[in-house]
Each structure stands twice: as structure tokens, then as C-alpha cells.
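A.B. asks:
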Amino acid sequence: MLDRTSAVSHQPLVPPLDAGVALSRELTRLAEQAVAHTPGSCGATATAVAARDVAALAGPGDPPRVPRQEKPAGRSRPPAPCPPAEAPGPDGGPAASGAAEAEVAEAEVEQQLTAATHPDLSALVAVQLSQGDGPIPAALHTGRPAVTDDLLYEERWPRYRARALAAGVRASATLPFEHDGLAVTITLYGLRPGVLGPADRDTAELLGDLTVANLVCAQRYRAALAEVDQLDTALRTRPVVDQACGILMHIVGCDAQTAFDMLRRMSQRSNRKLAELAETVVRSRGRGLEPQLIEFGRTASPAPGRRARPRG
1 MLDRTSAVSH QPLVPPLDAG VALSRELTRL AEQAVAHTPG SCGATATAVA
51 ARDVAALAGP GDPPRVPRQE KPAGRSRPPA PCPPAEAPGP DGGPAASGAA
101 EAEVAEAEVE QQLTAATHPD LSALVAVQLS QGDGPIPAAL HTGRPAVTDD
151 LLYEERWPRY RARALAAGVR ASATLPFEHD GLAVTITLYG LRPGVLGPAD
201 RDTAELLGDL TVANLVCAQR YRAALAEVDQ LDTALRTRPV VDQACGILMH
251 IVGCDAQTAF DMLRRMSQRS NRKLAELAET VVRSRGRGLE PQLIEFGRTA
301 SPAPGRRARP RG
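What follows is the structure, given as C-alpha cells:
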């Protein structure tokens, strides 16, 4: 039987990757705060899944999903502000936003994550996400709250209904949140019919808004750090790459852009990092690479007035 004094249990359906540790902690905090600030609830769960994977959670009778762009009518509270990261892009300009941010979020949620304030609730979430039957898949799929005042008379989700009633749950309310490729839900559970009123749902909505905003900000911050690290690596390896390009220009008789393209294609074909391959070219002064260079040189456009120079 559920009770409000139960210890919080955080049980990801799949062990989280390092990038998902912060997300797991935020979900646990969200579930704890939700049950602490909603007197009508006996427990709460929070889930996160990449928005691209939501369609796979739909039940057999659910209509095609339309990605949610804004909150449904009646939920007019604007999302908490979070300024976009201004990390430079690969060409030195501003990094792309929107789709790029969605890719960041989806990369960090490579499995379904859940946090619950009671082990029985963890089992309820697991059966919903694995079978696509219950208010969590429904809310994620439609982008609208999924509320049932009395599960004893609920007909939409038979498997969830049976599990919930067996755990002593009579009412539940699931609120969905989606932002930058991240789909999050917060679900409140009640031991009595009709116990989860509008005040409880409004509180859960506010907590969900704040949590999702924090998660998105954290994701943007980590993405900015990763890009800074990539740019730092590029700056440190640029001299040796330039030297390697100069050697290729001399051997093949091509311009700088063609030499760089050749070096990049050789890197991809040999499955070696560009900087590592460039160091090899510089160290050997191109010796031993003539067959590859000649092959690439045949498909490259030589610089005007230059011919490929064979190496003895």
C-alpha cells in the first residue's frame, strides 16, 4: 500500500549514461517536490524520453502524434525563460539553434528514465512505457494532461488500471512537458477518488515547467562546453594540419582546399583522427602515402599551372 512517508526510490528503466546523470537527479527532485507540495497526492513519478521516441510509446488505438508547439488551452503559464547558448559554430559564426538544441537533448536521453517516490509506482511506470498503456504514454502522445478521477471506472487503460488498483491507487493526473527535443511527464497519484484537485495539478505544472527549463539550460551549457573543447582541439591541431596540407599540395600539385579535402577523406577512409593523420604525414613528409595521394589526386582538381610531382 502506498503512503506519503515512503522513501524515495529512483529506478531508471535502463542504467543511465554519464550524460543522463543530471537528468536522473532532476527527475528524482521533481517527483519529491511534487508529492511534498500536493496534499492530495500519495506519491509521484517523473519520466523523461527523447521526443523522437514518443511515437513508439503510443497505444494501438492512439491517433497519429502531432508534436506539441504550445500548451493546450487553459494552461497559459509561459515557460520559464532560458537564454540560448551562444557558442560559436564550426565556421566561427553563431551555432545553430532549434534543431541543434533538439539533437543535444535527444543525445542525452538515449533511454527512458523514471523517478518514483514508491517502488510500486516504479512498476506502474514500467508497465506503461513498455506496453504503451496508461496515462503517461497518452499524455506524451497527445501533449495534453491525462487525468482520471476514479480508476475503478476507468476504461481507457485496462492494464494500467489493474496494476494501479492492485497498488491501492484510485486517482492519477499526468502532465506532459516538451521542449527542445525533451519530453518530460510528472504524474500525481491519489488513494481516494477525486482527491487530486486543480490546485494539486497547478502546483505540479509549475514544478514541471521549472524543471524542464533547468534541464534545457543545463543541456545547452554542456553543449557549449563540448563545442568549446572541440574548438580548442581544432586550434591546437591547426598548425600540423596546415603543414600536412602543404606537403600534399607539393606532392599532388593542388590548391589548399583540395589538399584539405584529400586529408579529410583519407582520415575518414582509414578511420583515423584528422590531427593524428596529419602528424603522420608531417613526420614522414608524405613518404609511403604516394599510392593513396595519387589515387585521391586523380579525382582532385590540380591548381592552375601545377602538375602532380612524383616522389622518389
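Under the UniProt record's numbering, the first residue of the sequence shown carries the number 1, and numbering increases by one thereafter.
Even for Gly, the Cβ is constructed at its ideal location relative to N, Cα and C.
Values in this document were obtained by computation on a predicted structure and should not be read as measured data.
(1) Return the CA-CA distance between residue 213 and residue 36, expressed in angstroms with no decimal places.
(2) Are the CB atoms of residue 171 and residue 151 nearer to each other than 8 Å?
(3) How long is the line joining the alpha carbons of residue 228 and residue 126, rounded to whole angstroms?
(4) Roughly how many angstroms separate the alpha carbons of residue 195 and residue 168, rounded to a whole number?
(5) Take residue 46 as the anchor and find which of 143, 20, 175 has the nearest alpha-carbon.
(6) Over what stretch of residues does the beta strand (DSSP E) that includes residue 114 continue unbroken?
(7) Note down, in chain order, each residue of its chain lying with its Cβ closer than 8 Å to the Cβ of residue 39, except the 5 sequence neighbours on either side.
(8) Span of the beta strand (DSSP E) holding residue 190?
(9) What residue range does the alpha helix (DSSP H) around residue 208 cover?
(10) Classify residue 127 as helix, strand or coil using the three-state DSSP reduction.
(11) Specify the secondary structure class of residue 44 as computed by DSSP and reduced to three states.
(12) Count the other CB atoms, across all protein chains shown, that sit within 10 Å of the CB of residue 189; report buried if there are 16 or more and exposed otherwise.
(13) Just tell me which of 177, 192, 264, 112 has its CA closest to the CA of residue 53.
(14) Should residue 187 and residue 135 be called a contact, given that it needs their Cβ atoms to be closer than 8 Å?
(15) Less than 6 Å between C-beta atoms, sequence neighbours within five positions excluded: which residues of the same chain meet that for residue 115?
(16) Measure from the alpha carbon of residue 264 to the alpha carbon of each residue in 232, 245, 153, then state which is nearest.
(17) Express the C-alpha separation of residue 234 and residue 93 in angstroms, rounding to a whole number.
(18) Check whether the Cβ atoms of residue 252 and residue 274 lie closer than 8 Å to each other.
(19) Taking the alpha-carbon of residue 142 as reference, which of 57, 238, 24, 280 has the nearest alpha-carbon?
(20) Suppose the cutoff is 6 Å on Cβ atoms and the five residues either side in sequence are ignored; what does the same chain contact list for residue 281 look like?
(21) Do residue 124 and residue 153 have their CB atoms nearer than 8 Å?
(22) Does residue 141 come out as helix, strand or coil in the three-state DSSP assignment?
(23) Classify residue 204 as buried or exposed, calling it buried when 16 or more other Cβ atoms lie within 10 Å of its own Cβ.
(24) Flag this pair as yes or no: are the beta carbons of residue 129 and residue 119 separated by less than 8 Å?
(25) Expressed to the nearest angstrom, what Euclidean distance is found between the alpha-carbon atoms of residue 221 and residue 269?
(26) Please identify the residue among 285, 163, 34, 177 whose C-alpha is closest to the C-alpha of residue 48.
(27) Can you tell which of 215, 197, 291 has the C-alpha that lies nearest to the C-alpha of residue 41?
(28) Could you give the C-beta distance for residue 259 and residue 249, rounded to a whole number, given that I count them as a contact under 8 Å?
(29) Checking 8 Å against the spacing of the C-beta atoms, do residue 22 and residue 218 come in under that value?
C.D. replies: Taking the definition as stated:
(1) 20 Å
(2) yes
(3) 38 Å
(4) 13 Å
(5) 175
(6) 113–116
(7) 200
(8) 182–190
(9) 198–248
(10) helix
(11) strand
(12) buried
(13) 112
(14) yes
(15) 10, 27, 28, 31, 46
(16) 245
(17) Legend: pLDDT at residue 93 = 37, less than 50; position of this residue unreliable, no value from coordinates given.
(18) no
(19) 57
(20) 244, 247
(21) no
(22) helix
(23) buried
(24) no
(25) 33 Å
(26) 177
(27) 197
(28) 5 Å
(29) yes
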